[in-house]
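Undergrad: Shown below is the structure under consideration.
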Amino acid sequence: MFITHTPIGKIGFKIEDEKVVEIHLTASGKTSAPKTPVENIIVATLANYFNQATVEIDLPFELRCTAFQKRVYLQLQKIPAGQTTTYGALAKKLKSHPRAVGQALRANPLPLLFPCHRIIGINGLTGFSGQTQGRAMAIKQHLLEHEGAKI
């Protein structure tokens, strides 16, 4: 696991065959300097994103998920930085149910590449990464504020 420090804390990246397969937004452990080409790309990309919120995070990745989850995640990439949509609106686009969308988002292995923080409830932030309070919610709030989203 490659762990790097960011303005939202330590983020961990599980890398296999020079591709990111998991991102852990609440990583713990020792950070390290990048040693491989993909680790250098990660550090540079995160620096660009945290310096300018409109920069989309684009990393070499392998998405490991179900067909439904993939449909959900691909819709997330259509939501520009600074904008949000609701679970219900996303479910409607997918001809699904908000709870099914929420479960897919909870399982998102690549939350910065497929920005699930941009999905909110009709009454506000609701949850993030399966949590409704604590560190994960603080990260969601920080990312949305960084991107200039109105919540």
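Okay, so the sequence shown: first residue is 1128 according to my numbering, each after it adds one.
We put the beta carbon where it would ideally sit given N, CA and C, even for glycine.
Would you identify the three-state DSSP class for LYS1162, choosing helix, strand or coil?
TA: Coil at LYS1162, not helix or strand.
Undergrad: Between which two residues does the alpha helix (DSSP H) harbouring VAL1228 extend?
TA: That run of the alpha helix (DSSP H) goes 1225 to 1233.
Undergrad: Quick one: measure Cβ to Cβ for ILE1130 and ALA1154, integer angstroms, because I've assumed they're closer than 8 Å.
TA: About 5 Å; that satisfies the 8 Å criterion.
Undergrad: What distance in whole Å lies between the Cβ atoms of PHE1177 and PRO1134, which are believed to be in contact at a cut-off of 8 Å?
TA: Yes, PRO1134 and PHE1177 are in contact; Cβ-Cβ is about 5 Å, under 8 Å.
Undergrad: Give me, in chain order, the residues of the same chain whose beta-carbon lies closer than 6 Å to that of LEU1173; leave out the 5 immediate sequence neighbours on both sides.
TA: Result list for LEU1173: THR1133, in chain order.
Undergrad: In whole angstroms, give me the CA-to-CA distance for VAL1182 and HIS1224.
TA: Taking the straight line from one Cα to the other gives about 30 Å.
Undergrad: In this structure, does DSSP put THR1193 in helix, strand or coil?
TA: Note: THR1193 maps to coil in three-state DSSP.
Undergrad: Which one or two residues does DSSP pair with VAL1148 in a beta bridge?
TA: Answer is none; VAL1148 lacks a bridge partner.
Undergrad: So, is LEU1201 buried or exposed, given that buried needs 16 or more other C-beta atoms within 10 angstroms?
TA: Answer is exposed; the Cβ neighbour count stays below 16.
Undergrad: From GLN1179 to ILE1138, what does the alpha carbon distance come to, in whole angstroms?
TA: GLN1179 and ILE1138: Cα-Cα distance of roughly 18 Å.
Undergrad: Ignore the nearest five residues each way along the sequence and tell me which others in ALA1218's own chain have a CB closer than 6 Å to its CB.
TA: Only HIS1224, PRO1225, VAL1228 meet the Cβ criterion.
Undergrad: Quick check on THR1213: does DSSP put it in helix, strand or coil?
TA: Strand.
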